[in-house]
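Remarks on the structure that follows.
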Amino acid sequence: MAVAPWLFGGLYFRFRDQNPEVAVEGLPPIFSYTGREERTAMAAVIADQAAAAVATAAEDREPQREEMPGLEDQWNQIENGESGRERPLRAGESWFLVEQRWYKQWEVYVQGGDQDASTFPGCINNAELFEEQINWCLKEGLMEGKDYVLLPAAAWHYLVSWYGLEHGQPPIERKVIELYSIPKVEVYPVKLLLVQHGDTETVLTAQFSLADSVDLLLHTVREQFLVDAEEDARLWVKNSEGCLDRLCNTHVTLLDAALETGQLVIMEIRNKDGSWPSTQLCVMSNMAEEDEDFQGQPGICGLTNLGNTCFMNSTLQCLSSVPQLTEYFLDNRYLEELNFCNPLGMKGELAEAYADLVKQTWSGCHRSVVPNVFKNKVSHFASQFLGYQQHDSQELLSFLLDGLHEDLNRVKKKEYVELCDAAGRPDQEVAQEAWQNHKRRNDSVIVDTFHGLFKSTLVCPDCGNVSVTFDPFCYLSVPLPVCHKRVLEVFFVPMDPRRKPEQHRVVVPKKGNISDLCMALSKHTGVLPDKMIVADVFSHRFYKLYQLEDPLSDILDRDDIFVYEVSGRIEPIEGSKDDIVVPVYLRERTPAQDYNSYYGLMLFGHPLLVSVPQDRLSWEGLYNILMYRLSRYVTKPTSDEEDVGEEKGEDGNSDEEEKDQMPGPSTVGNFRDSEREQAGPSSGTTGRCPFFLDNCFRTSHWPPERRRKQLFTLQAVDSNGTSDRTTSPEEVDTQPYIAMDWEPEMKRRYYDEAEAEGYVKHECVDYVLKKVPVQLQECIELFTTVETLEKENPWYCSSCKQHQLATKKLDLWMLPEILIIHLKRFSFSKFSHEKLDTLVHFPIRDLDFSDFVIKPQNESAPELYKYDLIAVSNHYGGIRDGHYTTFACNKDSGQWHYFDDSSVSPVNENQIESKAAYVLFYQRQDTVHRQSQPSSSSDLSSPACGSTLTPEFMDVN
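1 is the number of the first residue of the sequence shown in the UniProt record's numbering; add one for each residue after it.
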């Protein structure tokens, strides 16, 4: 089995592949440094590692060789079983390389069957795999299946114990690592260049597995440079851009830290005064070839989708469009405010990762940036974002704002602050106290930019106690006006066989029951609701038969719902004279594809719910009823076709033999006889059907004395209609199902498929439940209306001394510089889960909050209450899946752009508003600041940001 090379950031791996003809490229060049001690130091480290490997090999050879088993046993132990080379890879375990020619020689020897043959392979010799025999470095470009084979540890130790290892050679042990959930053997471990800060001439080279931890790397560097254990040290690594990143988390693997072969690792020792020699290490920029000559507009940079990370890209683009926050990071003001000791923060790592991303996207040197480092940081600190599942952009936004705040919190030690109620004091006083208390514990650029203040009023329904508090907020989650009706599309199947099924669209309450659907349909059809049975039909069978009390939320918009007119009940009551409703499937016999004579059965058409009078509960009676129900699209045989013989059939069978091949009358007997007598097989043999009740059979007049042609046979089946129904005691009282089995020729001659599938549209089909667009101001008004707390979230009344379902009202007291408005499009309840695609009209400019802020206003500064739009996070799709994009206004040029992962394009202002708008970012007009005014000749700028409209058009709605 061949192994193909796999390149990950300059590293080469081998993983199992079906193509043995895979080209292999060499390893990337290692950075070159000139220093007096370079060659000696590098050789010393590698020689130490090689010596350790040789010592291990010597230990492998030290025990006496085991008695060599038989050749067949050798083959089984090496090739097959749990210890064999065909076993799957498991992360963390060790595999060994064996030279291909030796292994092939061993295979010839073992398969030859003669232990004394001249093909004995001798000791394992891997000399051909090494570049040289001093440091024992592997040759570059080796391929599995061509140069070597991979063996698990158990198989390797078997071979060593039987044949031994060439003297002086180290075993070539490699770890299995997991990359994006795929285990791979790391044939070429990562080689890192190690230096000390302030002494870049002394370069050591060490080899590590990507499964090794950063802590092991730090330990190795300290050991090689003889650093005392009492001294603090930290590591920096040179990234692909030529900048240095700090390895903050020492518990992650080198793979998680994205370290690559040839990277420079610098160890920095803390100064005696507690400071670090350098607050930022810089090296020459090493730009990628494709970006070397690219110079774009800062901020107009896409983000690569790493796999369902469009939600993250959308959130990051929105935050990047906030001028105050972006300038804060670009000016490096964050460096002085990083809080590494905040137990609620991320040791500054989230802020640093975000800063790196901002600097890259605003450098103007990239068309698109891969945010994998930032994604790893987010996943590390928030386990809900682990992996590559789709998430909610607003949920990530909430985490990022909170995480950045804690990482940049200027309060190093939070003091305890007791929350105080208003207790009749003026709102102005209570609000100022609440804001000051909030700032005593929370003071960051996030608070300065995004935090506002609510007034919350709770009223006890029993004693009338009023509680007023002022609480900070970071965004507004405003509800959308919800329509409490929904439209269901159903097919009504009347009992009259002359009438075709009717397609209806009925308006029903979202939180209603199946009975509401029947009542609504009754107004269209004139059929009483208690004469209807509602069914979900899927793949020619009944997926579910609904009860009247079942909730309508069980029905999805994509379900095929059939409503049948019936005159009885599915589950009969003993002693009742009501008709019995029997579910009936249609099946066609289909010859198998092979040479056997076995015939399979395949469902077709729409299933039926047939009302059968109790005095006709027999195979004959059911056959006649079905022929009547199918008379619209099933043709009865002519008299000539019915007469096929006299007393004796053409094939010589007697009348008695023929009677066994057609549905015949069932005899009266005890109901439990059905446990012993199974319903007739698909060939037509009659039998007792489990739903036929006692004393309900009469002598049938069908078939008459003359033999008549039968169009189909009847068979009791299970609810799936795909297998014959057993009549075990456990299933006797369960729901009966009957199948009509058609021969292909009979179906072709007498069954009209086109007519059977036909239906008519009721005039109500043209009805459309209109979704009226709403104004953003309506959503804000709904947000500030009085509501009653839910039972799951009661309020403790200090006066009543008990929990109460109080009324609650939220009012806006103080608004932030950047106001984030989250449109609550996703509705989750015990009745339904849905996404609201209501179109919300929101202004691009001059969103006025003066009518919503209850704090006494400064009439001389109306811009304190007016906002301009700067970004929109969009969500396209449904509640279970979808795609996120962003509209954003560039802070420098004032130009609007559409960000769709790595794709960026300019857009018109009239394209911004759509049903997909999910999170809105508004900037208060008094804080509007432009670093540079847009050129008057810029045709692509938006008037929302002080410039003209773009002539280009891109339909994103």
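Glycine included, C-beta positions come from ideal geometry on N, C-alpha and C.
All figures in this text were calculated on a predicted structure; none of them were measured in a lab.
Let me know the secondary structure DSSP gives residue i once reduced to three states.
| i | result |
| --- | --- |
| Gln715 | strand |
| Asn670 | Any reading at Asn670 must be qualified, since the residue scores a pLDDT of 33, below 50, and its modelled position is unreliable; no value is offered. |
| Leu204 | strand |
| Met740 | strand |
| Gln436 | helix |
| Asp655 | With a pLDDT of only 43 at Asp655, under 50, the local geometry of the prediction cannot be trusted, and the value read off the model is given with reservation. Helix. |
| Trp362 | coil |
| Glu230 | coil |
| Val417 | coil |
| residue 961 | The structure shown does not extend to residue 961, since the chain is modelled only from 1 to 957, so the question has no answer here. |
| Leu397 | helix |
| Ala754 | helix |
| Ser515 | helix |
| Tyr334 | helix |
| His883 | strand |
| Pro371 | coil |
| Trp75 | helix |
| Glu565 | strand |
| His197 | coil |
| Leu218 | helix |
| Ala917 | strand |
| Pro690 | Reliability fails at Pro690, whose pLDDT of 37 lies under 50, so the model's placement of it is uncertain and no value is given. |
Could you tell me which of the options sits nearest to residue i, measuring between CA atoms?
| i | options | result |
| --- | --- | --- |
| Asp881 | Glu178, Leu255 and Asp392 | Asp392 |
| Val227 | Leu204, Leu244 and Gln196 | Gln196 |
| Arg234 | Glu223, Leu247, Cys243 and Gly242 | Leu247 |
| Glu755 | Ser723, His606 and Gln295 | His606 |
| Gln895 | Ser902, Gly141 and Glu909 | Glu909 |
| Val370 | Glu99, Leu244 and Gly302 | Gly302 |
| Thr635 | Asp752, Phe712 and Pro794 | Asp752 |
| His451 | Ser902, Leu819 and Glu67 | Leu819 |
| Gln814 | Leu776, Tyr865 and Lys771 | According to the sequence provided, residue 814 is Met. The question's Gln does not apply to it. That would be Tyr865, whose Cα lies nearest to the Cα of Met814. |
| Pro773 | Glu817, Ser723, Asn720 and Leu836 | Leu836 |
| residue 968 | Tyr918, Lys891 and Gln911 | Given that the chain is displayed from residue 1 to residue 957, the structure contains no residue 968 and the question cannot be resolved. |
| Glu588 | Gly721, Leu609, Ser893 and Val506 | Gly721 |
| Lys791 | Thr785, Thr784, His803 and Ser798 | His803 |
| Arg924 | Lys761, Ser850, His875 and Leu71 | Ser850 |
| Asp578 | Val612, Leu545 and Ile555 | Val612 |
| Gly145 | Lys104, Ala861 and Ile172 | Lys104 |
State the CB to CB distance for the pair residue i and residue j, rounded to an integer number of angstroms; the pair is presumed to be in contact (CB under 8 Å).
| i | j | result |
| --- | --- | --- |
| Val563 | Val534 | 5 Å |
| Val306 | Lys375 | Rather than Val, the amino acid found at residue 306 in this sequence is Leu. Contact holds; Cβ gap of about 6 Å. |
| Glu863 | Asp926 | 4 Å |
| Pro298 | Gly198 | In fact, because the Cβ distance is near 34 Å, the residues do not count as touching under 8 Å. |
| Ala258 | Val373 | 7 Å |
| Val566 | Val584 | Wrong, their Cβ atoms sit about 12 Å apart, outside the cutoff. |
Do residue i and residue j have their CB atoms nearer than 7 Å?
| i | j | result |
| --- | --- | --- |
| Val187 | Arg174 | yes |
| Lys485 | Gly758 | no |
| Arg441 | Val411 | yes |
| Leu344 | Glu406 | yes |
| Gln324 | Thr200 | no |
| Phe842 | Leu920 | yes |
| Pro497 | Arg632 | yes |
| Val527 | His504 | no |
| Leu805 | Leu789 | yes |
| Ser321 | Ala871 | yes |
| Phe96 | Leu165 | no |
| Ala434 | Phe470 | yes |
| Trp162 | Met68 | yes |
| Thr253 | Ser213 | yes |
Give a yes or no on contact between the region 793-812 and the region 452-463, applying the rule of three or more CB pairs nearer than 8 Å. yes
Stretch-stretch touch, CB-based, cutoff 8 Å, three pairs: the region 234-245 with the region 255-271: yes
Just checking, does the region 307-314 make contact with the region 872-890 on the three C-beta pairs under 8 Å criterion? yes
Pairing CB atoms from the region 356-368 with CB atoms from the region 384-403, are three or more of them under 8 Å? no
Give a yes or no on contact between the region 534-552 and the region 498-518, applying the rule of three or more CB pairs nearer than 8 Å. yes
Three or more C-beta pairs under 8 Å: does that hold for the region 76-90 against the region 128-139? no
Could you tell me whether the region 842-851 touches the region 897-908, using the rule of 3 or more Cβ pairs below 8 Å? no
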